[in-house]
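At position 452 of the sequence shown the residue is numbered 452 (UniProt numbering), and the sequence of numbers has no breaks. C-beta: ideal position from N, C-alpha, C; glycine also. Since this is a predicted model, take the numbers as computed values, not measurements. Okay, structure first, notes after.
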Amino acid sequence: MQRSSSIAWRLALAFAAVCALVLSMIGVFLYRSLAGEIAYRDDLALMGRLEQVRALLQDSDSLDALQARPRLYQNMLGNQESLLLVRRADGSTVIGINPRQQRLPELQPIAQELRPQRRDILLWPGSDQVPVALLAGQASGPEGEVLTVIAGKILSEREQMLASYRLRLYLAVGLGALLAFALGLLLLRRGLQPLRQLSEAVREIDLRSLDRRLHSTGIPAEFHEPVQALNAMLARLEESFQRLSQFSADLAHEIRTPLHNLLGSNGLALNQPRSAAEYQEVLASNMEEFERLGRMAENLLFLARAEQADAVLDRQLLSLSAVGAQLCDYFEALADDRQIRLENGFYGELWADQQLLQRALGNLLANAVRHADPGSPISLRRRDEAGWCWLQVHNQGPAIAPEHLPRLFDRFYRVDPSRAEPGDSGGLGLAIVRSIMLLHGGQVRVASEGQATVFELGFAVL
């Protein structure tokens, strides 16, 4: 697996991106705050300069004397980034300090009785694309002459300082993102260490150690639920493997018995010459064993198909009374042999697959006829609950011990293995019933008390 696809690297990159975003937002805020503060101070200085020039003009004896002493206002300006223009009404320049010969726009001067405000300052791009802040106002000369004073400042120093600050912010954000990525990756690797330990523990579990479970002590709380889910999965796998092993053993046992009978009868028949009647008897016995193997193979094939997730049901609206009548007619001869009376108490309708329903009820009826007391009745009944329709098969006979009830629907399970009759299903009849009910999304259950046994098939009613 590539590093870029690991969860640690992806989370570290996401953490670095978030940190870079946060640092960028903080940097933008600080940059705007610094730029605003510098602009505010420059504007205050520009307004103060205009007031100082106004005062200087008012206090001077004459404009000629002021022009003869340029150090007065040059010292006041103090650097080559500042502008100062004093103009008469006819446009002639009294004082002109413009070191870079900036082209200036037409400005509306502020009346001399008004104090300048920040909104009166104009930001002009300048001739060399360097911003220039300009402020114009009216002032009274020595002889009451109205003069126009333009004070300005070239903002190249401010732009250089802000550009240097922006560069440092970029470097700080980049270094912060790299540091966040490195620290995040380190912390994530340490935080995912319990996950790697769990992986090692799971890797050590094989078919011979399915009884092992993962420990939830000493691991982060976020891993408790996955560990519990894995332990539950291991429990299901262990149970399924045990059932598969038991099924394989039972299948081998069930197949071994008819094969042993076939080999024994054929061996005896071949030891010495037999009459035609004796050979016919051997062949008839072999046919019974072949039929038993055939039924077993057919039942196993049905169970394998029924457990497929894509098995399709041919649901239709069935008359339960008609289904019960057909089953009673089919088992009437077998019941008469044992002097058993069949009672059909089914009524109403039900959505189900007809063939599968008849097979499930037929297996239950065959099982009931086989184990019911002679002369007792077997009744088919319906019982309705909230959202469920229960089809019941009642018979009277020896009770089933409680320890057998949970395993009655397991494959090849028999309460009395020695009572294998020629027509039985090889221990697969009730397993088929359960598979049919699972296909219908229903339930199957059994209760046995005293001399009565009841098998129930539950169908969900929409």
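What would DSSP say about residue i, mapped onto helix, strand or coil?
i, result
"H215", "coil"
"residue 468", "Missing from the structure shown is residue 468; the chain here goes from 1 to 462 and no further."
"E113", "coil"
"R256", "helix"
"A17", "helix"
"G27", "helix"
"S245", "helix"
"E343", "strand"
"A372", "coil"
"I7", "helix"
"S33", "helix"
"G144", "coil"
"A89", "coil"
"L237", "helix"
"L183", "helix"
Taking 6 Å as the limit between beta carbons, can you name the residues of its chain near residue i, skipping five residues before and five after?
i, result
"R54", "A139"
"S265", "V282, S285"
"S4", "Confidence at S4 is low in this model, with a pLDDT of 47, below 50, so its placement is unreliable and the value that follows should be read with caution. Around S4: no qualifying Cβ."
"F181", "A12, A16"
"D384", "none"
"P374", "R338, Q339"
"M47", "P116"
Can you give the beta carbon distance from residue i to residue j, rounded, assuming they're within the 8 Å contact cut?
i, j, result
"A136", "Q112", "That pair is no contact at about 12 Å."
"D206", "E238", "At roughly 12 Å, the Cβ-Cβ gap does not stay under 8 Å, so D206 and E238 are not in contact."
"L293", "N344", "Not really, about 34 Å apart at Cβ, beyond 8 Å."
"Y170", "Y31", "Going by Cβ atoms, the distance from Y170 to Y31 rounds to 11 Å, so no, they are not a contact pair."
"E159", "P131", "7 Å"
"A372", "Q396", "6 Å"
"I97", "L83", "6 Å"
Look at the Cβ atom of residue i, then the Cβ atom of residue j, and state whether they are nearer than 8 Å.
i, j, result
"V282", "A269", "yes"
"L214", "L192", "no"
"A368", "V393", "yes"
"L57", "G141", "yes"
"L313", "D353", "yes"
"I154", "E81", "yes"
"A20", "G176", "yes"
"E332", "L391", "no"
"G27", "A172", "yes"
"R411", "A386", "no"
"W388", "F302", "no"
"L104", "L134", "yes"
Enumerate in chain order the residues of its own chain whose CB-to-CB distance from residue i is below 8 Å, with the five nearest sequence positions on each side excluded.
i, result
"residue 463", "A question about residue 463 goes unanswered here, because the residues of the chain that appear run from 1 up to 462."
"M161", "I38"
"D42", "A133, K153, L155, R158"
Spatial neighbours of residue i within its chain, please: C-beta separation below 7 Å, excluding the five flanking residues on both sides.
i, result
"R349", "At residue 349 the sequence reads Glu, which differs from the Arg that was named. L317, L318, S319, L320, listed in sequence order."
"C328", "L342, N344"
Give me whichever residues DSSP pairs with residue i in a beta bridge.
i, result
"R383", "W390"
"G152", "L83, L134"
"F223", "For F223, which the question treats as bridged, DSSP gives no partner whatsoever."
"N395", "I378, T453"
"D353", "R315"
"Q443", "G458"
"G324", "Looking at the DSSP assignment, G324 forms no beta bridge with any residue, so it has no partner."
"I97", "L84"
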